[in-house]
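Visitor: Numbering (full-length UniProt numbering), first residue to last: 1 to 451.
Glycine included, C-beta positions come from ideal geometry on N, C-alpha and C.
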Amino acid sequence: MAAPSPSPPPNLLPPPLFRPEKAYFFLRTCSNFPQLKQIHAKIIRHNLANDQLLARHLITLSSSFGETRYASLVFRQLHSPSTFTWNLMIRSLSVNNKPREALLLFVLMLSHSNLDKFTFPFVIKACLASSSLRLGTQVHGLAIKTGFFTDVFLQNTLMDLYFKCGKVDCGRKVFDEMPGRNIVSWTTMLYGLVSNERLDDAEIVFRQMPTRNVVSWTAMIAAYVKNRRPDEAFQLFRRMQVDDVEPNEFTLVSMLQASTQLGSLSMGRWVHDYAHKNGFSLDCFLGTALIDMYSKCGSLEDARRVFDVMESRSLATWNSMITSLGVHGLGDEALSLFGEMEGEEGVEPDAISFVGVLSACANTGNVKEGLRYFLRMIYVYGITPIEEHNTCMIQLLEQALEVNRVSNYVDSMDSDSNISTSFEVESTDRVNERHESWSQHHITFSKWDAG
DNA sequence: GTAGGGTTAG
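#1: Going by beta carbon distance, what residues of the same chain come within less than 8 angstroms of methionine 178, once the five residues before and after it are set aside?
#2: Between which two residues does the alpha helix (DSSP H) holding arginine 19 run?
#3: Assuming leucine 105 and threonine 146 are in contact, meaning their beta carbons sit under 8 angstroms apart, how far apart are those beta carbons, in whole angstroms?
#4: From Leu103, His112, Ser113, pick the residue whose C-alpha is nearest to that of arginine 134; which is it?
#5: Are the stretch 21-28 and the stretch 39-57 in contact at 8 angstroms, needing three or more beta carbon pairs?
#6: Would you decide whether isoleucine 59 is buried or exposed? Buried here means 16 or more other CB atoms lie within 10 Å of its CB.
#7: For arginine 430, count neighbouring Cβ atoms within 10 angstroms of its own Cβ and tell me buried if that reaches 16, exposed if not.
#8: Would you mind stating whether aspartate 335 and valine 357 have Cβ atoms separated by less than 8 angstroms?
#9: In three-state DSSP terms, what is alanine 289?
#10: If you check the beta carbons only, do cysteine 267 and serine 254 fall under 8 angstroms apart?
#11: Nearest-angstrom Cα distance between valine 367 and alanine 400?
#12: Give the secondary structure of serine 353 by DSSP, where H, G and I count as helix, E and B as strand, and everything else as coil.
#13: Can you have a look at glycine 346 and say buried or exposed, based on whether 16 or more other CB atoms are within 10 angstroms of its CB?
#14: Compute the Euclidean distance between the alpha carbons of alanine 71 and serine 63, then round it to the nearest angstrom.
#15: May I ask you to report which of helix, strand or coil DSSP gives lysine 164?
#16: Is the CB-CB distance between valine 288 and serine 320 below 8 angstroms?
#17: Which residue marks the beginning of the alpha helix (DSSP H) containing leucine 78, and which one marks its end?
#18: Secondary structure at glutamate 101, three-state DSSP: helix, strand or coil?
#19: Can you give me the Cβ contacts of asparagine 32 inside the same chain, cut-off strictly under 8 angstroms, excluding the 5 residues immediately before and after it?
#20: Do leucine 199 and alanine 223 have their C-beta atoms closer together than 8 angstroms?
#21: Can the beta-carbon of leucine 315 be found closer than 8 angstroms to that of aspartate 350?
#22: Compute the Euclidean distance between the alpha carbons of serine 132 and asparagine 96, then round it to the nearest angstrom.
#23: Beta-carbon separation of phenylalanine 122 and arginine 100 under 8 angstroms?
#24: Assuming the contact rule is C-beta atoms closer than 8 angstroms, phenylalanine 75 and phenylalanine 120 should be a hit. Round their C-beta distance to whole Å, please.
#25: Compare the C-alpha of arginine 212 against each of Asn227, Glu246, Asn196, Cys30 and name the closest.
#26: By the 10 Å Cβ neighbour count, where 16 or more other Cβ atoms means buried, how is valine 205 classified, buried or exposed?
#27: Judging by CA-CA distance, which residue of Glu342, Gln261, Ser299 is the nearest neighbour of histidine 328?
#28: Could you check the C-alpha separation between leucine 371 and glutamate 301 for me, to the nearest Å?
#29: Assuming isoleucine 124 is part of the alpha helix (DSSP H), what are its boundary residues?
#30: With a threshold of 7 angstroms on Cβ separation, who are the neighbours of phenylalanine 18 within its own chain once the five nearest residues in sequence on each side are excluded?
#31: For isoleucine 352, tell me which candidate among Ile386, Arg181, Leu27, Gln257 has the shortest Cα-Cα distance.
#32: Label glutamine 257 either buried or exposed according to how many other C-beta atoms from any shown protein chain fall within 10 Å of its C-beta, with 16 as the threshold for buried.
#33: Measuring only the C-alpha atoms, how far is asparagine 50 from leucine 93?
#34: Note down, in chain order, each residue of its chain lying with its Cβ closer than 8 angstroms to the Cβ of aspartate 201, except the 5 sequence neighbours on either side.
#35: Write down every uninterrupted run of the alpha helix (DSSP H) in the stretch 187-274 whose length is 4 residues or greater and which is fully enclosed by it, in chain order.
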């Protein structure tokens, strides 16, 4: 009797068929980076690593997880990436805060691939993000040379670059020579003028605009706020509603700033109420603007209430709440909230957080904690002190010296020698002379106390 | 797959 033929060992079995469609399905449902790596491994095992469409999905997804190195790896595995894929990779690096790498890739692209009209906005944005105006100008030249300059997206992005680099005349020239301006071109022009101290010209542009949408209205409202003209911001807000343009979160943030500038709690409450009634979600920006408004208009309770109900909080949200507590004299609460923030995943304090923390310590005279946080800022978080930190520290040290001076004075009443006392007095005076800014700082906080 | 407006300190 013939022996049954042995079945091949499992590792020699042909792999089950893994079509690209199946890989797309997996990628569509993929929600984290380890999962993505598993799917990618499968893709490689089934010789699909050179599939352009799959690679695009992998690049988009890994960069959405912030994994640009992995995205680059996928990109490098392609034999000859299409222009689309080059663009995608440049964009991925740029949006993940790696504009220099994006620009290097663009330089490489010039000798390996054709460009298209989509390439330019990505590259110009990378120029802006890395403050490379010079390269931006060269890209401008290249756009003209290659015939892509007629694209309105490209022109708008270029205008924006010039305005944000302070080159108003260059931006204006692009705008003036544009044959097919659209609403974005007009709004870019408007805001370009505003951010270069030219509110009057911006008003003219706003009047001349053929059509206005919520972005253009909001840009003009924000312009008034930026120039500390809150009354005009409110006027324009009303006109916008008469014009049947619905405000959005961006608009409301500006209106909250306008309320803060007016110091009007009732106006601020009205904006909050408006947001509530119209179903606006409390996103990080709107929530933080509300906290700031309530705190500066005198209602710490409302600020805290907003903070507590917010579903997601940005670093700015935490900073705003910490500063508010400190400013309202609740230094201990400010420090304890800072501790909570440090425990929160993905939220790392920045220089502004420490301005809040140190001024909370300074206001409550908490010298020991102040020094501890100051050192923590420098040595744990690697943050270089800025003037505001130094001002707080000087205030704290003066308090320490003052306490020391008084105690030394008391000691000196019991002893014959008062050498150390005179030294302390002298050094306090010297500090006062050198740092007159302290008194200004003090006035700032007295203003809060009064309010 | 591309462009414009928003938050925290000072």
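Guide: On the basis of the coordinates in this document:
#1: Cβ neighbours of methionine 178 beyond the five flanking positions: Val152, Gln155, Ser185.
#2: No alpha helix (DSSP H) contains arginine 19, which DSSP labels as neither H nor E.
#3: Between leucine 105 and threonine 146, the beta carbon gap of about 18 angstroms keeps them out of contact (Cβ cut-off 8 angstroms).
#4: It is Leu103 whose Cα lies nearest to the Cα of arginine 134.
#5: Taking 8 angstroms as the limit for Cβ pairs, the verdict is that the stretch 39-57 does touch the stretch 21-28.
#6: Under a 10 Å Cβ-count criterion, isoleucine 59 is classified as buried, with 16 or more other Cβ atoms of the shown protein chains found around its own Cβ.
#7: Interpretation of arginine 430 is limited by its pLDDT of 35, a score under 50 that renders its predicted location unreliable; no figure is taken from the coordinates.
#8: Residue identity differs from the one stated: residue 335 is leucine in this sequence, not aspartate. Yes, these two residues count as a Cβ contact at 8 angstroms.
#9: Here alanine 289 sits in helix by DSSP.
#10: Here the sequence assigns methionine to residue 267, which means cysteine is not the residue at that position. For the 8 angstroms CB-CB criterion, methionine 267 and serine 254 do not form a contact.
#11: Whole-angstrom Cα-Cα distance: 7 angstroms.
#12: In the structure shown, serine 353 sits in a helix (DSSP, three-state: H, G or I).
#13: Answer is exposed; the Cβ neighbour count stays below 16.
#14: Cα atoms of alanine 71 and serine 63: separation of roughly 6 angstroms, rounded to the nearest angstrom.
#15: In the structure shown, lysine 164 sits in a helix (DSSP, three-state: H, G or I).
#16: Sequence check: residue 288 is threonine here, not valine. It is a contact, given that the beta carbons lie within the stated cut-off.
#17: First-last for leucine 78: undefined, no H or E at that position.
#18: Correct three-state label for glutamate 101: helix.
#19: Taken in chain order, the residues that qualify are Phe65.
#20: In contact: leucine 199 and alanine 223 (Cβ atoms closer than 8 angstroms).
#21: Against a cut-off of 8 angstroms, the Cβ pair of aspartate 350 and leucine 315 comes out as a contact.
#22: Cα to Cα, serine 132 sits roughly 17 angstroms from asparagine 96.
#23: No.
#24: At roughly 20 angstroms, the Cβ-Cβ gap does not stay under 8 angstroms, so phenylalanine 75 and phenylalanine 120 are not in contact.
#25: It is Glu246 whose Cα lies nearest to the Cα of arginine 212.
#26: It is buried - the Cβ of valine 205 has at least 16 other Cβ atoms within 10 Å.
#27: Of Glu342, Gln261, Ser299, the residue nearest in Cα terms is Ser299.
#28: Straight through space, the alpha carbons of glutamate 301 and leucine 371 are spaced by roughly 29 angstroms.
#29: Isoleucine 124 -> alpha helix (DSSP H) spans 119-129.
#30: Here the set comprises Lys42, His46.
#31: Of the listed residues, the one whose Cα sits closest to isoleucine 352 is Ile386.
#32: Buried: at least 16 other Cβ atoms inside 10 Å.
#33: Asparagine 50 and leucine 93: Cα-Cα distance of roughly 21 angstroms.
#34: Leu193, listed in sequence order.
#35: Along the length of the stretch 187-274, whole alpha helix (DSSP H) runs at least 4 residues long occupy 199-208, 214-226, 230-242, 249-262, reported in chain order.
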